[in-house]
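Let me begin by presenting the structure, written as structure tokens, before commenting on it.
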Amino acid sequence: MRRGVRAGIILAGGFSRRMGEFKPLLKIAGESALGIAAVRMRKAGVEKIIVVAGHNGKSVVREANRLHCAAVYNPDYESGMFSSVRAGVASLPGCTGTFYVLPVDTPLVKPSTYSALYEAFRASGGKFQAAYPTFMGERAHPPLVSSSLIEPILSWSGESGLRGFLAGTGPAALDVPVADRAVTLDMDTPDEFRRLTDYAESEFFPDDEECVELLRIAGAPERVALHARAVADSAILIGRALSEAGVSIDMRLLRSACLLHDIAKGRKDHEAQGARLLRRLGYAKAARIVASHKELPPRLKIGEAEVLYLSDKMTDGASVSSLEDRMRRMEARFSGPALENARRRIDAALLLRKKTEDITGMTIEKILGGAGIG
Numbered sequence: 000m001r002r003g004v005r006a007g008i009i010l011a012g013g014f015s016r017r018m019g020e021f022k023p024l025l026k027i028a029g030e031s032a033l034g035i036a037a038v039r040m041r042k043a044g045v046e047k048i049i050v051v052a053g054h055n056g057k058s059v060v061r062e063a064n065r066l067h068c069a070a071v072y073n074p075d076y077e078s079g080m081f082s083s084v085r086a087g088v089a090s091l092p093g094c095t096g097t098f099y100v101l102p103v104d105t106p107l108v109k110p111s112t113y114s115a116l117y118e119a120f121r122a123s124g125g126k127f128q129a130a131y132p133t134f135m136g137e138r139a140h141p142p143l144v145s146s147s148l149i150e151p152i153l154s155w156s157g158e159s160g161l162r163g164f165l166a167g168t169g170p171a172a173l174d175v176p177v178a179d180r181a182v183t184l185d186m187d188t189p190d191e192f193r194r195l196t197d198y199a200e201s202e203f204f205p206d207d208e209e210c211v212e213l214l215r216i217a218g219a220p221e222r223v224a225l226h227a228r229a230v231a232d233s234a235i236l237i238g239r240a241l242s243e244a245g246v247s248i249d250m251r252l253l254r255s256a257c258l259l260h261d262i263a264k265g266r267k268d269h270e271a272q273g274a275r276l277l278r279r280l281g282y283a284k285a286a287r288i289v290a291s292h293k294e295l296p297p298r299l300k301i302g303e304a305e306v307l308y309l310s311d312k313m314t315d316g317a318s319v320s321s322l323e324d325r326m327r328r329m330e331a332r333f334s335g336p337a338l339e340n341a342r343r344r345i346d347a348a349l350l351l352r353k354k355t356e357d358i359t360g361m362t363i364e365k366i367l368g369g370a371g372i373g
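Residue numbering for the sequence shown follows numbering that gives the first Met the number 0, starting at 0 and increasing by one per position.
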């Protein structure tokens, strides 16, 4: 693989007919779609960003200038997206090593996804000339392309645009699994735009499928995933009961932290390693909770971290258990310092259980419906 400048091409020259509004300048959380895409590329280390304008070109160029991106106008934009791909590719600097190609209507791709593509591509040692992110097995945007394909792309006249070219040229593209639903989200229609903006509001609390992918990519065994789901299901019931009693609990944060709390299980200091991984992926709030799920610092209030801690200690494998039964099983398995540590953690959970019952006015068995509690 040729080393050189990592570049990004953002395609912003279409008509936005089905959307009904001009997509590059649509606001998402106060920033234009083009602005979000450019900022995220830059955070991932993309050194040269080229915005391809066409329809409403002057407005796109002004926005690109505001964002300190290069802009190129595609006079043939009416002929379709691949003409904009060619215009962007033709304007790449000679020192380019690799480049991403991103339609502006897929703006929420996370910086960690750009980085994962680049690192996997580099690690392939030149075996591939392109790489795609995949989510739940589905190829999505943006592909990362080697500069060795610049001239072939510019001379390509086949069907299906860049995807058709990559499918029929040279070695097969590398698939890079990512836990980023945003690679599949576009905004061709108003309904799709609403789904995208809804996702933007909660994207730093990974949803269930993103958590499944995160665990799979991290190599977590199925038993860890089953335990995590059981912990999450119990925690949600406890969290709802506390919320109804006036305690502020962010249910999205609670569920994602529960599903990911053992993502580094089997490694030394797995809670710290899991937290570091989640911070690197941009999930800082979940990381803080994951970091404390084994040894919970004492606090006066009860929140998401405490609910995770209690639910985790009440979950043996994938089954809910009473804390007393869990302690008896630990006494049969452990001795010495290991047993003392187990007693300390169960004692902390017992205090949390009492606090939860005092706040909600319900026993933990009633909160959990009595399911499987010994």
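Glycine residues also receive a C-beta, built at the ideal position from the N, C-alpha and C atoms.
Rounded to the nearest whole angstrom, the CA to CA distance from Ala-274 to Glu-118 is 21 Å. Taking a cut-off of 8 Å on C-beta distances, the region 209-219 touches the region 167-186, as three or more cross pairs fall below it. In the DSSP annotation of this structure, Phe-98 is not part of any alpha helix (DSSP H); the continuous beta strand (DSSP E) holding it starts and ends at 95-102. The region 38-115 is shown to contain whole beta strand (DSSP E) runs of 3 or more residues at 47-52, 69-72 and 95-102, in chain order.
CA-CA distance, Gly-29 to Ala-139, rounds to 25 Å. About 19 Å separates the CB atoms of Tyr-99 and Met-186; that is not less than 8 Å, and the two are not in contact.
In the DSSP assignment, Val-175 falls within the unbroken beta strand (DSSP E) covering 173-176. The continuous stretches of alpha helix (DSSP H) do not include Tyr-131, which lies in the beta strand (DSSP E) extending over residues 129-134. When the alpha-carbon of Ala-317 is set against those of Glu-221, Arg-352, Glu-364 and Ala-283, the nearest one is in Glu-221.
Per DSSP, Ser-201 lies in no beta strand (DSSP E); the unbroken alpha helix (DSSP H) holding it starts and ends at 189-201. Rounded to the nearest whole angstrom, the CA to CA distance from Ala-229 to Thr-359 is 22 Å.
Buried is the label assigned to Asn-73, since at least 16 other Cβ atoms lie within 10 Å of its Cβ. The shortest CA-to-CA distance from Gly-7 to any of Val-108, Thr-196 and Gly-79 is the one to Val-108. Rounded to the nearest angstrom, the gap between the Cα atoms of Glu-364 and Gly-302 is 20 Å.
For the options Pro-110, Arg-85, Ala-347 and Glu-191, the alpha carbon positioned closest to that of Glu-150 is the one of Arg-85.
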